[in-house]
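This is how it looks when you write it as structure tokens:
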């Protein structure tokens, strides 16, 4: 009986452990792990609703609806420790968005999705080339709502005076090969408040 138990134990030790699909390069990325790779819009694309420019058909400040398609690429960045206390891991991402009407790029975004395993927080920290940067945060999960931090919006003096961002909220759902998001950027532009919204569904096309 003792010999049989020894054989069973030896067999168990010899069996390979199941891989933890959240761990990449020795770092636990939690729900963000499956983002690594390249994602492209579904055929129907996404929809952007933004304030129209002066001289457009809609008129200055009116809602301008733009169907779009996009590509987002996520790659492992690095880990970091804040104030000797908060341990983070980060994915760098590049997001490029194109008008369906003429294939011109109208939005370019660079940022990081960041995971705090101990406190179960995810951050989306990004900049766009309109002299505006945002950090939003929320509870980690496959479905998350990330909201601008208390001091999570930085912008140029011009944007503060003419097109200031007052809030940002993003809801994102991550499945194995499907990514869906909707977001609202609250603006004050042309003397009025405006909800700039985007929504899209993407599928992973490459690891």
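Residue numbers (mature numbering (1 follows the signal peptide of the UniProt record, and there is no 0)): -19 to -1, 1 to 188. Yeah, the Cβ is synthetic: ideal placement off N, Cα and C, and Gly gets one too. A quick note: this is a predicted structure, and the numbers were derived from the prediction, not measured.
{"Asked": "With a threshold of 8 Å, are at least 3 pairs of Cβ atoms found where one atom belongs to the segment 57 to 67 and the other to the segment 81 to 90?", "Found": "no"}
{"Asked": "Can you check which of these residues, 151, 170, 153, 155, is closest to residue 142 by C-alpha distance?", "Found": "170"}
{"Asked": "Hey, out of 182, 166, 69, whose CA is closest to residue 30's CA?", "Found": "166"}
{"Asked": "Does residue -5 come out as helix, strand or coil in the three-state DSSP assignment?", "Found": "For residue -5, the predicted model reports a pLDDT of 40, less than 50, meaning its position is unreliable and no value from the coordinates is stated."}
{"Asked": "Give me, in chain order, the residues of the same chain whose beta-carbon lies closer than 7 Å to that of residue 11; leave out the 5 immediate sequence neighbours on both sides.", "Found": "3, 96, 98, 121"}
{"Asked": "According to the neighbour-count rule (16 or more other Cβ atoms, all chains shown, within 10 Å of its Cβ), is residue 147 buried or exposed?", "Found": "exposed"}
{"Asked": "With 16 other CB atoms within 10 Å as the buried threshold, where does residue 139 fall?", "Found": "exposed"}
{"Asked": "Taking Cβ to Cβ, would you say residue 119 is nearer than 8 Å to residue 125?", "Found": "yes"}
{"Asked": "The alpha helix (DSSP H) with residue 138 in it runs from where to where?", "Found": "138 to 143"}
{"Asked": "Using CA coordinates, which residue listed in 172, 144, 179 is at the minimum distance from residue 150?", "Found": "179"}
{"Asked": "Please determine, among 39, 51, 37, 73, the residue with the shortest C-alpha to C-alpha distance to residue 162.", "Found": "51"}
{"Asked": "One question on the structure: do residue 69 and residue 94 come within less than 8 Å of each other, judged by their Cβ atoms?", "Found": "no"}
{"Asked": "For residue 54, collect the residues of the same chain with a Cβ closer than 6 Å to its Cβ; drop the 5 residues on either side in sequence, then sort them by chain order.", "Found": "19, 75"}
{"Asked": "Distance, Cα to Cα, residue 79 vs residue 48?", "Found": "9 Å"}
{"Asked": "Of the residues 144, 8, 115, 106, which one's Cα is nearest the Cα of residue 59?", "Found": "8"}
{"Asked": "Within its chain, find whatever has a CB closer than 7 Å to the CB of residue 173; leave out the 5 residues flanking it on each side and keep chain order.", "Found": "42"}
{"Asked": "Considering only the beta carbon of each residue, do residue 27 and residue 181 sit closer than 8 Å?", "Found": "yes"}
{"Asked": "Helix, strand or coil, according to DSSP, for residue 12 in the structure here?", "Found": "helix"}
{"Asked": "Short of 8 Å in beta carbon distance, which residues of its chain neighbour residue 33, apart from the five on each side in sequence? Order them along the chain.", "Found": "39, 40, 41, 42, 43, 44, 45"}
{"Asked": "Which residue from 135, 128, 57 puts its Cα closest to that of residue 145?", "Found": "135"}
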